[in-house]
Each structure stands twice: as C-alpha cells, then as structure tokens.
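Numbering (my numbering), first residue to last: 7 to 138.
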C-alpha cells in the first residue's frame, strides 16, 4: 500500500469514527434529561404555614439546564434558578433572588426527589414529586 493511499484510508477511517461518535453525543444532548419537567413539594416550617413549591426545569438543545420556582400559595412565580446541576441521581439548584438552595437525590423510577431546602439559615426536608 502506498503512503498516499494509507493516509487517505486513515483520514476516511478517522472521519467515520468522528461522525459515528458525534451522532450519539448530539442525540444524547437533545434527549430530555430525566430531571426536565415540573416538580411539586411542600415546605413545612413547623409553627408557620406550609408552603407549596413548584419547580420547573427545562433543558436547552445543548443540554444546559435552567429553571424557575413558584410559590402558588403566595402568588409568587417565575423566581429564577440561578445555578442548577444534575448528575444522576443528584440534583442541586440555587436561587440568588430568594437566597435558597436545594440538594436532593432522585429515586430509581425518576418520580420523586428527596432532599434538603436551605433558606434564611433554616434547613427543611423537601420531597419534590413529578407533576404532569
């Protein structure tokens, strides 16, 4: 085999591998992450009234996550999540606007996240359940 033919074969093989490996990566980024969707939970601060909490998580085409928080009982909605990461099964998000953060773990059937909500020096258990 000549050097030119070997180089051409190597180039074709390299392009084929790059394209073949690139397709699953693009497909994976476009797939909906198991964390994407609407989640609902209730904060129970003890002596004070309970607060329902809705968390809306979405993903951009590149897989970047973003989200919003609503407090329907207080007529507050659209509170931005300023940082969010999901590394199966662990979710972490923060909202600078309300000085809150959440760390939780998703169950095996991906229907519930059990974790801890921290806000204003208090730490409360919070279970988020997937909603339609």
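The C-beta atom is built at its ideal place from N, Cα and C for all residues, glycine as well.
- For residue 131, DSSP records a beta bridge to 122.
- Taking a contact as a CB-CB distance under 8 Å, the pair residue 98 and residue 91 counts as one, their CB atoms being some 5 Å apart.
- DSSP, read as helix, strand or coil, puts residue 109 in strand.
- Short of 6 Å from the beta carbon of residue 107, and not among the five residues preceding or following it, lie these beta carbons of its own chain, in chain order: 100, 124.
- Annotation: residue 127 to residue 43 spans about 28 Å, alpha carbon to alpha carbon.
- Residue nearest to residue 58 within the set 40, 41, 67, 82 is 82 (criterion: CA-CA distance).
- Under the three-state reduction of DSSP output, residue 86 falls in the strand class.
- Taking a contact as a CB-CB distance under 8 Å, the pair residue 134 and residue 47 counts as one, their CB atoms being some 4 Å apart.
- For the pair residue 69 and residue 39, the Cα-to-Cα distance works out to about 8 Å.
- Note: residue 43 is bridge-paired with 63 in the DSSP secondary-structure output.
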